[in-house]
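Novice: Below you'll find the structure I mean.
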Amino acid sequence: MTSRTVFITDQEMRCRYQHRGFALLIVTAVLLFSFVPGEGDASSFTQGRGVFLSSNTSFPVPAAGDMITEPYRTPACQFRETYDKWSGILRDTAFLEAHARYIFHGLLISAGLFLVSILWIWVLTKYARRRTKQLKKTKERYRALFENMSEGIVVVVEGRLALMNPRATQITGFLPNELSSRAIAEIVTQQDRDTVKEAHRKIMRSEAKSLRFPFRITCKNGDTKWILNNSVGMVWENTPGILSIFSDITENKKLEQQFLQAQKMEAIGQLAGGIAHDFNNILTAISGYGNLLRIKTDSDPALNRYARNILACSERAANLVKGLLAFSRKQVNDPKPTDLHDAIKGAEKMLRRIIGEHIEFSIIFSKASPVVFADSNQIIQVLMNLATNARDAMPGGGKVTIRTETVDKLEDPLIGDNIPKEGGRYALLAFEDTGVGMDETLVEKIFDPFFTTKETGKASGLGLATIYGIVKQQKGFVAVQTNPGSGTTFNIYLPIIDAPAETRQIIRIGTPPRGTETILVCEDEADIRKFIREILESHGYSVIEARDGEEGIDSFRHHKDKIGLVLLDVIMPKKSGKDVHDIIVGINPRVKTLFMTGYAAETLQNAGLNEPVSGCLFKPIETDILLAEIRRILDE
45 MTSRTVFITD QEMRCRYQHR GFALLIVTAV LLFSFVPGEG DASSFTQGRG
95 VFLSSNTSFP VPAAGDMITE PYRTPACQFR ETYDKWSGIL RDTAFLEAHA
145 RYIFHGLLIS AGLFLVSILW IWVLTKYARR RTKQLKKTKE RYRALFENMS
195 EGIVVVVEGR LALMNPRATQ ITGFLPNELS SRAIAEIVTQ QDRDTVKEAH
245 RKIMRSEAKS LRFPFRITCK NGDTKWILNN SVGMVWENTP GILSIFSDIT
295 ENKKLEQQFL QAQKMEAIGQ LAGGIAHDFN NILTAISGYG NLLRIKTDSD
345 PALNRYARNI LACSERAANL VKGLLAFSRK QVNDPKPTDL HDAIKGAEKM
395 LRRIIGEHIE FSIIFSKASP VVFADSNQII QVLMNLATNA RDAMPGGGKV
445 TIRTETVDKL EDPLIGDNIP KEGGRYALLA FEDTGVGMDE TLVEKIFDPF
495 FTTKETGKAS GLGLATIYGI VKQQKGFVAV QTNPGSGTTF NIYLPIIDAP
545 AETRQIIRIG TPPRGTETIL VCEDEADIRK FIREILESHG YSVIEARDGE
595 EGIDSFRHHK DKIGLVLLDV IMPKKSGKDV HDIIVGINPR VKTLFMTGYA
645 AETLQNAGLN EPVSGCLFKP IETDILLAEI RRILDE
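Per my numbering, the sequence shown starts with residue 45, numbered consecutively.
Below, the structure is given as structure tokens:
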């Protein structure tokens with residue numbers, strides 16, 4: 045096919061615009077034709093088209109009929125008419141001159157707006173980037189806080205877990221996916237579940253903005269922990285929920301219980317000590333008059349038997365008082381280096397009689413025999429009380445084992461935080477039985493005075509309380525390991541000392557000695573004064589009585605030349621025994637004194653008697669011991 049140069053009429057051009065194959069090409073060509081140089085008249089457009097077509101040999105011109113397609117004719121004609129209209133306006137020089145200023149201003153404003161828009165977009169982009177960076181840093185900080193807080197954090201929505209931090213996982217033992225499918229209340233113990241539900245209800249109903257309360261949870265491993273919870277209401281993903289921040293206070297609760305227990309024991313101990321002091325005064329009079337009656341009824345067997353029965357009852361009452369004093373840690377204590385194995389051996393026969401033949405009994409000693417600074421009589425009393433409890437816990441038979449060990453470092457978790465920081469070696473005295481055991485509730489009460497599981501009247505309830513007091517008095521510790529149905533083990537720890545054990549010397553008192561000296565008796569209890577007066581006068585002494593401290597000082601001033609000994613009660617009205625002692629020693633430095641008290645030896649220190657004194661007797665006072673001690677001091 046050869047190319048040919050032709051001039052196409054306006055009508056033919058309009059028709060060719062209707063061919064869809066050339067639609068895009070024609071639109072582009074029309075735009076180009078508008079800028080072809082011409083004379084500015086109506087023929088310029090046609091001439092421009094002709095020049096373009098004649099110079100373009102790449103587009104052969106086919107027959108006109110082949111290009112005509114009726115459905116496209118009308119749109120092409122409309123396009124041509126619109127183009128002619130606007131191209132005419134643009135070629136109208138008068139129009140351009142009249143509106144050139146407005147067009148320029150419009151273009152200038154448009155350019156300014158465009159630049160402002162570009163600047164604004166740049167500023168917004170920079171601000172957005174900075175805010176995005178800040179938000180990212182803030183998010184990282186909050187995530188770091190969330191993941192590293194020492195408190196557990198959980199978000200609860202509709203009763204189920206929505207969010208949980210690592211510390212909460214550490215406290216509970218549960219992973220987030222393990223709790224998300226469960227109601228959060230399921231891990232709360234049954235005892236506290238209603239409390240937690242009520243607190244959440246108040247928060248969700250806006251009855252309280254926040255609530256702080258403790259409760260117990262059951263961890264994944266089955267342990268029960270106390271947590272202190274702070275709950276507030278919040279909205280989580282458009283749904284009302286609760287934010288809880290909690291901490292593990294299990295150890296604090298244990299310390300609190302230990303502190304309350306110690307306070308309770310101290311308060312009861314003070315009460316018991318006061319009761320014991322008053323009771324000892326009464327027992328001193330009872331046993332004293334009983335001894336007088338026994339002495340004066342040697343010729344009458346019936347009356348003498350009554351007197352001995354009175355003394356036996358008095359001795360039982362004195363043992364009960366010793367239990368009270370042991371619990372209050374104010375018992376008369378005579379500690380000395382004691383071989384623990386020897387003390388246990390000394391009580392073995394007695395323990396076998398207490399336990400009975402239906403219970404197997406064995407003792408396992410450690411290789412080394414530990415020496416402890418303790419009163420051997422009190423160690424025996426501890427063993428007897430434990431044996432009695434073990435026997436009652438095994439009515440159908442069983443096994444009791446006493447075991448000793450040497451512990452280089454005290455680490456028994458049952459003792460808690462009471463272990464002294466300075467450390468030290470301890471002797472372990474373990475008393476094991478295979479009885480019925482005890483539950484946790486019972487263990488919390490066993491050391492309470494007068495608490496007993498036996499029938500009323502069959503036990504005093506002081507057995508284990510006495511053990512507790514004795515062990516504490518020896519600066520030791522006692523721990524209980526037990527479970528229902530699996531027996532009980534009492535672990536008693538006593539400090540070991542590096543000293544040889546002392547051999548106990550038994551002093552036997554024969555016929556009470558007599559004397560002729562004058563003795564001043566300062567005692568506020570009238571019954572005790574009268575009993576002492578009768579005892580002393582029956583053995584040859586002269587007695588001067590004083591009802592209180594001031595009367596004792598006055599009596600000493602009037603009879604200082606003939607008084608050989610002053611018998612002083614430590615606690616008296618108006619002036620204490622210590623005050624009386626200091627004043628009469630100032631009057632006569634050679635005067636001899638003998639103290640009496642219903643408390644323990646520590647009462648002397650509390651009363652200020654730190655300097656050595658001639659002697660001290662502890663109530664209830666036995667007649668023979670009183671007479672022997674008075675004679676010993678007078679003969680010095």
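Backbone N, C-alpha and C fix where the C-beta goes; we use that ideal spot for every residue, glycine too.
#1: Identify, in the order they occur along the chain, each residue of the same chain with its Cβ nearer than 8 Å to the Cβ of residue 676, setting aside the five sequence neighbours on each side.
#2: Considering only the alpha carbon of each residue, which of 433, 381, 358 and 620 lies closest to residue 544?
#3: On the three-pair Cβ rule with 8 Å, is the region 279-292 touching the region 304-322?
#4: Ends of the beta strand (DSSP E) at residue 256?
#5: Quick check for students: name the residue ranges of the alpha helix (DSSP H) that lie wholly in the region 385-421, counting only runs of 4 or more.
#6: Leaving out five residues before and five after residue 352 in sequence, what residues of the same chain have Cβ atoms less than 7 Å from its Cβ?
#7: Which value, in whole angstroms, describes the spacing of the CA atoms of residue 622 and residue 614?
#8: For residue 266, which three-state DSSP category applies?
#9: Spatial neighbours of residue 233 within its chain, please: C-beta separation below 7 Å, excluding the five flanking residues on both sides.
#10: On a CA-only basis, which of 665, 440 and 334 is nearest residue 480? Give me that one, please.
#11: Could you check if residue 247 is buried or exposed, using at least 16 other CB atoms within 10 Å of its CB as the buried criterion?
#12: Quickly, what does DSSP pair residue 566 with across the bridge? List them, please.
#13: Would you check if there are 3 or more beta carbon pairs closer than 8 Å linking the region 625-639 to the region 588-602?
#14: Quick check on the DSSP output: the alpha helix (DSSP H) that includes residue 670 runs from which residue to which?
#15: Please go through the same chain and pick out, in chain order, the residues whose beta-carbon is closer than 6 Å to the beta-carbon of residue 469, but skip the five residues on each side of it.
#16: Would you tell me roughly how many angstroms separate the C-alpha atoms of residue 221 and residue 185, rounded to the nearest one?
#17: Helix, strand or coil for residue 293, going by three-state DSSP, please let me know.
#18: Taking the continuous beta strand (DSSP E) assigned at residue 518, which residues delimit it?
#19: Whole angstroms is fine: what's the gap from residue 428's alpha carbon to residue 418's?
#20: Quick check on the DSSP output: the alpha helix (DSSP H) that includes residue 195 runs from which residue to which?
#21: From the DSSP output, in three-state form, read off residue 425 for me.
#22: Let me know the secondary structure DSSP gives residue 624 once reduced to three states.
#23: Given a cut-off of 9 Å on the beta-carbon distance, is the pair residue 214 and residue 196 in contact?
#24: Give me whichever residues DSSP pairs with residue 450 in a beta bridge.
#25: Quick one: Cα of residue 319 to Cα of residue 210, how far?
#26: Note the first and the last residue of the continuous alpha helix (DSSP H) segment covering residue 243.
#27: Assuming residue 388 and residue 446 are in contact, meaning their beta carbons sit under 8 Å apart, how far apart are those beta carbons, in whole angstroms?
#28: In terms of residues, what are the limits of the alpha helix (DSSP H) holding residue 211?
#29: Three-state secondary structure (DSSP) at residue 525?
#30: Tell me which residues share the same chain as residue 325 and place their Cβ nearer than 7 Å to its Cβ, disregarding the 5 neighbours each side in the sequence.
#31: Is it right to say residue 349 is buried, meaning 16 or more other beta carbons lie within 10 angstroms of its own, or is it exposed?
#32: Among residues of its own chain, excluding the 5 on either side of residue 561, which ones have a beta-carbon nearer than 8 Å to its beta-carbon?
#33: For the beta strand (DSSP E) that contains residue 539, what are its first and last residues?
#34: If contacts are defined as beta-carbon pairs under 8 Å, then residue 294 and residue 270 qualify, I think. What distance do you get, rounded to the angstrom?
#35: Helix or strand or just coil, what does DSSP make of residue 145?
#36: List the DSSP bridge partners of residue 164.
Specialist: Working from what's here:
#1: Here residue 676 is taken as the residue at index 632 of the sequence shown, counted from 1. 659, listed in sequence order.
#2: In the sequence shown, residue 544 corresponds to position 500, counting from 1. Ranked by how close their Cα comes to the Cα of residue 544, the residues 433, 381, 358 and 620 have 381 in first place.
#3: no
#4: Stepping through the sequence shown from its first residue, residue 256 is reached at position 212. Its beta strand (DSSP E) spans residues 254-262.
#5: Complete alpha helix (DSSP H) runs here, min 4: none at all.
#6: Within the sequence shown, the letter at position 308 stands for residue 352. 338, listed in sequence order.
#7: For the purposes of this step, residue 622 is taken as residue 578 along the sequence shown, with counting starting at 1. For the purposes of this step, residue 614 is taken as residue 570 along the sequence shown, with counting starting at 1. Cα to Cα, residue 622 sits roughly 7 Å from residue 614.
#8: Stepping through the sequence shown from its first residue, residue 266 is reached at position 222. Reduced to three states, the DSSP call for residue 266 is coil.
#9: Counting from 1 along the sequence shown, the entry for residue 233 is found at position 189. Answer for residue 233: 260, 261, 262 and 268, listed in chain order.
#10: Your numbering for residue 480 matches position 436 in the sequence shown. Answer by Cα proximity: 440.
#11: As a working note, residue 247 is residue 203 in the sequence shown. Result: buried.
#12: Position 522 of the sequence shown holds residue 566. DSSP lists 590 and 612 as partners of residue 566.
#13: yes
#14: Here residue 670 is taken as the residue at index 626 of the sequence shown, counted from 1. Unbroken alpha helix (DSSP H) run through residue 670: 667-679.
#15: Residue 469 sits at position 425 when you count from the first residue of the sequence shown. 452 and 540.
#16: Within the sequence shown, numbered from 1, the residue matching residue 221 stands at position 177. Within the sequence shown, numbered from 1, the residue matching residue 185 stands at position 141. For residue 221 and residue 185, the distance between alpha carbons rounds to 24 Å.
#17: Position 249 of the sequence shown, counting from 1, holds the residue named residue 293. DSSP places residue 293 in coil when its eight states are reduced to three.
#18: Within the sequence shown, residue 518 is the residue found at index 474, counting from 1. Taken as a continuous stretch (DSSP letters only), residue 518 belongs to no beta strand (DSSP E), as it is neither H nor E.
#19: As a position in the sequence shown, residue 428 is number 384, starting the count at 1. As a position in the sequence shown, residue 418 is number 374, starting the count at 1. Spanning the alpha carbons of residue 428 and residue 418 requires a straight line of approximately 16 Å.
#20: Taking the sequence shown and counting its residues from 1, the one referred to as residue 195 is at position 151. Neither: residue 195 is in no alpha helix (DSSP H) and is coded neither H nor E.
#21: Position 381 of the sequence shown holds residue 425. DSSP places residue 425 in helix when its eight states are reduced to three.
#22: Within the sequence shown, numbered from 1, the residue matching residue 624 stands at position 580. Of the three classes helix, strand and coil, the one that applies to residue 624 here is helix, per DSSP.
#23: One-based indexing of the sequence shown puts residue 214 at position 170. One-based indexing of the sequence shown puts residue 196 at position 152. Their beta carbons are under 9 Å apart, which means residue 214 touches residue 196 by this criterion.
#24: Stepping through the sequence shown from its first residue, residue 450 is reached at position 406. Note: residue 450 sits in a beta bridge opposite 471.
#25: Mapped onto the sequence shown, residue 319 falls at position 275. Mapped onto the sequence shown, residue 210 falls at position 166. Between residue 319 and residue 210, the C-alpha separation is close to 55 Å.
#26: Against the sequence shown, residue 243 aligns to sequence position 199. Looking at the DSSP string, the run of the alpha helix (DSSP H) that includes residue 243 is 237-248.
#27: Within the sequence shown, numbered from 1, the residue matching residue 388 stands at position 344. Within the sequence shown, numbered from 1, the residue matching residue 446 stands at position 402. Their Cβ separation, rounded to whole angstroms, is 6 Å, which keeps residue 388 and residue 446 in contact under 8 Å.
#28: Taking the sequence shown and counting its residues from 1, the one referred to as residue 211 is at position 167. Element bounds for residue 211: 210-216.
#29: The residue labelled residue 525 in the question sits at position 481 within the sequence shown. It is a strand residue.
#30: The residue given as residue 325 occupies position 281 in the sequence shown. 569, 572, 642 and 663, listed in sequence order.
#31: On the sequence shown, residue 349 is found 305 positions in, with the first residue counted as 1. Exposed: under 16 other Cβ atoms inside 10 Å.
#32: Your numbering for residue 561 matches position 517 in the sequence shown. The answer, listed in chain order, is 585, 586, 608, 609 and 678.
#33: Residue 539 sits at position 495 when you count from the first residue of the sequence shown. Residue 539 -> beta strand (DSSP E) spans 532-539.
#34: The sequence position of residue 294 within the sequence shown is 250, counting from 1. The sequence position of residue 270 within the sequence shown is 226, counting from 1. The Cβ separation is near 5 Å, so the contact holds.
#35: Your numbering for residue 145 matches position 101 in the sequence shown. Of the three classes helix, strand and coil, the one that applies to residue 145 here is helix, per DSSP.
#36: Within the sequence shown, the letter at position 120 stands for residue 164. Paired residues: none, contrary to the question.
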